[in-house]
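In numbering that gives the first Met the number 0, the protein residues as written are 0 to 139. Backbone N, C-alpha and C fix where the C-beta goes; we use that ideal spot for every residue, glycine too. For reference, the structure is listed below as structure tokens.
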Amino acid sequence: MRLPDTVVVDIEVSRFSFVKHRPDGSVDFLSPLPSLFSYGSVLGVPAADGDPQDALVVGAAPRRGSRCTLAVHGRVLFVDAGVEDNKWIVGPRPPQKWEWVVIGIFFRVYAVAKRGLGWVRGNPGSTSFNGVEQTPGVAG
Numbered sequence: 000m001r002l003p004d005t006v007v008v009d010i011e012v013s014r015f016s017f018v019k020h021r022p023d024g025s026v027d028f029l030s031p032l033p034s035l036f037s038y039g040s041v042l043g044v045p046a047a048d049g050d051p052q053d054a055l056v057v058g059a060a061p062r063r064g065s066r067c068t069l070a071v072h073g074r075v076l077f078v079d080a081g082v083e084d085n086k087w088i089v090g091p092r093p094p095q096k097w098e099w100v101v102i103g104i105f106f107r108v109y110a111v112a113k114r115g116l117g118w119v120r121g122n123p124g125s126t127s128f129n130g131v132e133q134t135p136g137v138a139g
């Protein structure tokens with residue numbers, strides 16, 4: 000899949016927040032660990048799960064409620080309750096090597112937490128982190 004060069008992102012979760020909001024502003028869940036990234040939705044781009052495309056911001060920390068135009072640098076390959084739920088990696092600059100490592104570690108732990116949440120909610124299907132892809136030409 001070819002990702003766009005830049006996107007507009009509505010920020011739903013501020014960096015270091017424990018509260019995961021849905022695009023409509025309602026609370027989705029409380030995380031056992033804080034988000035290491037600001038997190039939001041790509042304006043006008045639907046994801047495979049029917050929700051707006053998820054995006055995590057690296058290299059900046061916009062606050063919840065912000066709207067930002069950012070470059071796309073890659074994606075987190077993720078499956079949530081059996082449905083593809085990739086997250087686009089965006090920011091003002093490409094992630095540095097150590098940031099790619101942090102993204103991988105964070106989403107390994109996040110997948111475990113989401114599996115637990117799926118079990119509590121009775122959602123069938125597997126939840127897994129399947130790696131990180133850099134867009135071609137992104138040096139990190």
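Residue burial annotation: residue 90 is buried, with at least 16 other C-beta atoms found within 10 angstroms of its C-beta.
Inter-segment contact for the stretch 7-26 and the stretch 56-68 is present: three or more beta-carbon pairs are separated by less than 8 Å. Remark: C-beta atoms of residue 68 and residue 12 do not approach each other more closely than 7 Å. Per DSSP, reduced to three states, the secondary structure at residue 57 is coil, with no helix or strand assignment. Looking at the backbone, the Cα of residue 28 and that of residue 20 are separated by about 7 Å.
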